[in-house]
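This report concerns only the one structure given below.
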Amino acid sequence: MLPEHATLPIRPHRLAVAVAACGALLLTAGCGTDEGDTASEQVAADAGPGSTEPGATAAASPSGSESTSASPSASATPSDSTSPTTSATPSDAGEAGEADDAADGDTAGGTRPGSGTGTGTGTGTQPDPAPGADAPDFPVPVEAGNATQLITVEARGSYATVTAWAKGSAGWKEQFSTGSGRVGSNGVTNGATRRQGTWTTPTGTYTITEGFGVEASGTSMPYHVVTDDDWWVEDPESKFYNSMHGAQGADFPLTESGDRGSEHLIGYPTQYAKALVINFNRWPATPGRGAGIFLHVNGSGATAGCVSVPRATMDRFMNWIEPSAHPRIAIG
Numbered sequence: 002m003l004p005e006h007a008t009l010p011i012r013p014h015r016l017a018v019a020v021a022a023c024g025a026l027l028l029t030a031g032c033g034t035d036e037g038d039t040a041s042e043q044v045a046a047d048a049g050p051g052s053t054e055p056g057a058t059a060a061a062s063p064s065g066s067e068s069t070s071a072s073p074s075a076s077a078t079p080s081d082s083t084s085p086t087t088s089a090t091p092s093d094a095g096e097a098g099e100a101d102d103a104a105d106g107d108t109a110g111g112t113r114p115g116s117g118t119g120t121g122t123g124t125g126t127q128p129d130p131a132p133g134a135d136a137p138d139f140p141v142p143v144e145a146g147n148a149t150q151l152i153t154v155e156a157r158g159s160y161a162t163v164t165a166w167a168k169g170s171a172g173w174k175e176q177f178s179t180g181s182g183r184v185g186s187n188g189v190t191n192g193a194t195r196r197q198g199t200w201t202t203p204t205g206t207y208t209i210t211e212g213f214g215v216e217a218s219g220t221s222m223p224y225h226v227v228t229d230d231d232w233w234v235e236d237p238e239s240k241f242y243n244s245m246h247g248a249q250g251a252d253f254p255l256t257e258s259g260d261r262g263s264e265h266l267i268g269y270p271t272q273y274a275k276a277l278v279i280n281f282n283r284w285p286a287t288p289g290r291g292a293g294i295f296l297h298v299n300g301s302g303a304t305a306g307c308v309s310v311p312r313a314t315m316d317r318f319m320n321w322i323e324p325s326a327h328p329r330i331a332i333g
């Protein structure tokens, strides 16, 4: 959710495809902001306990496979949808809260019990496939749908183990993982009831259809290189809520402060060097549920609601993820 997490060419004028924006209550807390910052729902992440990343030690060097001219078309409705499945809500006492709300419209239909204040509504629900021998014992509840690539986020307080999985002829197999992931400073909460500004990460399964970043990134996903004109809209009064938009035609204040503030993406070169949009609360986006929930690079601490990982792991995710695999992320 740094203000930082489809077909990019969908931005009317400066409208870059909606990439879930982190909404905020008073001062918009953006994922891109570190703990202590007042920008919109922030995602600053500390190097968590344990910096080793099993299987994700080598950082893939960014290649120019992404199209920098296209803006993330988060506004396009993805065919897969996921439902917020929430599990227990761990909270880190003593961690400054950062509300980073990333909304994504893909929610695989299942709800996990949890105490979150945000929900990930999607444009359609995918029924759970019948359990089979190819379904591993995932660390969190998963609504795989038609996905053949999956990212699981197993939270413990504001820390998390983030793991990549791929489904082949022999079933699901772990690809790489890191124990140094971060989530909201107040832990995770039920994605179906989560609210903006709570500094929590919504639980559930969500689709991933696009990415963005300050840097070019070698990925086959629709990807937009942000400029000074790009904002992730977290103003609940805006018709562009929880999407990327430029100054031209904006119906939201071009500021990160106040209860109508949004996230100025280029202002977070570390966290938003490369990011993937988690389709929580998108298509349609419900004002107040949260905006700007992303998977991005670690900052200096916990996030405002996004999921963050070390830079080397993020590079690996960008090179690994493929739109044809209908990737999803399951948070619990």
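Counting from 1 along the sequence shown, just add 1 to a position and that's the residue number in our numbering.
Virtual Cβ for every residue (Gly too), placed ideally from N, Cα, C.
Using the Cβ count rule (16 or more neighbours within 10 Å means buried), how would you classify residue i?
i: residue 309; result: buried
i: residue 305; result: buried
i: residue 252; result: exposed
i: residue 243; result: buried
i: residue 239; result: buried
i: residue 229; result: exposed
i: residue 212; result: buried
i: residue 181; result: buried
i: residue 171; result: exposed
i: residue 108; result: Summary for residue 108: the model assigns pLDDT 42, below 50, so the residue's position carries little reliability; its value from the coordinates is reported in the next sentence. Buried, since its Cβ has 16 or more Cβ neighbours within 10 Å.
i: residue 169; result: exposed
i: residue 156; result: buried
Look at the Cβ atom of residue i, then the Cβ atom of residue j, and state whether they are nearer than 8 Å.
i: residue 185; j: residue 303; result: yes
i: residue 256; j: residue 262; result: yes
i: residue 222; j: residue 324; result: yes
i: residue 1; j: residue 141; result: The question about residue 1 has no answer here: the residues shown for the chain are numbered 2 through 333.
i: residue 290; j: residue 280; result: no
i: residue 292; j: residue 233; result: yes
i: residue 154; j: residue 145; result: no
i: residue 197; j: residue 33; result: no
i: residue 207; j: residue 329; result: yes
Could you tell me the distance, in whole angstroms, from the CA atom of residue i to the CA atom of residue j?
i: residue 203; j: residue 150; result: 20 Å
i: residue 327; j: residue 179; result: 22 Å
i: residue 193; j: residue 285; result: 14 Å
i: residue 316; j: residue 275; result: 8 Å
i: residue 269; j: residue 215; result: 8 Å
i: residue 87; j: residue 191; result: Annotation note: pLDDT 39 at residue 87 (below 50); position unreliable, coordinate value reported separately. Going from the Cα of residue 87 to the Cα of residue 191 covers about 4 Å.
i: residue 236; j: residue 260; result: 7 Å
i: residue 139; j: residue 165; result: 11 Å
i: residue 227; j: residue 296; result: 16 Å
i: residue 148; j: residue 175; result: 14 Å
i: residue 254; j: residue 137; result: 47 Å
i: residue 152; j: residue 258; result: 32 Å
i: residue 195; j: residue 217; result: 32 Å
i: residue 167; j: residue 264; result: 33 Å
i: residue 173; j: residue 248; result: 44 Å
i: residue 70; j: residue 224; result: Any reading at residue 70 must be qualified, since the residue scores a pLDDT of 35, below 50, and its modelled position is unreliable; the value itself is stated next. Cα-Cα distance, rounded: 9 Å.
i: residue 287; j: residue 314; result: 31 Å
i: residue 177; j: residue 241; result: 35 Å
i: residue 143; j: residue 183; result: 19 Å
i: residue 298; j: residue 163; result: 12 Å
Comparing the CB of residue i with every heavy atom of the ligand GDP, is any distance shorter than 7 Å?
i: residue 216; result: Ligands displayed in this structure: none; no statement on the ligand GDP is therefore possible.
Assuming residue i contacts residue j under a Cβ cut-off of 8 Å, what Cβ separation, rounded to an integer in Å, is found between them?
i: residue 205; j: residue 159; result: Incorrect: roughly 18 Å between the Cβ atoms, too far for contact.
i: residue 319; j: residue 210; result: The pair is not a contact, with the Cβ atoms about 14 Å apart (cut-off 8 Å).
i: residue 231; j: residue 266; result: 5 Å
i: residue 307; j: residue 322; result: With a Cβ gap of about 16 Å, residue 307 and residue 322 do not count as contacting.
Q. Which whole runs of the beta strand (DSSP E) in the segment 167-207 are 3 residues long or more, in chain order?
A. With a minimum length of 3 residues, the unbroken runs of beta strand (DSSP E) contained wholly in the segment 167-207 fall at 172-183.
(Q) At 3 residues or longer, what runs of the beta strand (DSSP E) sit wholly inside the segment 252-324? (A) Segments of the beta strand (DSSP E) lying fully in the segment 252-324: 276-279, 295-298 and 308-310.
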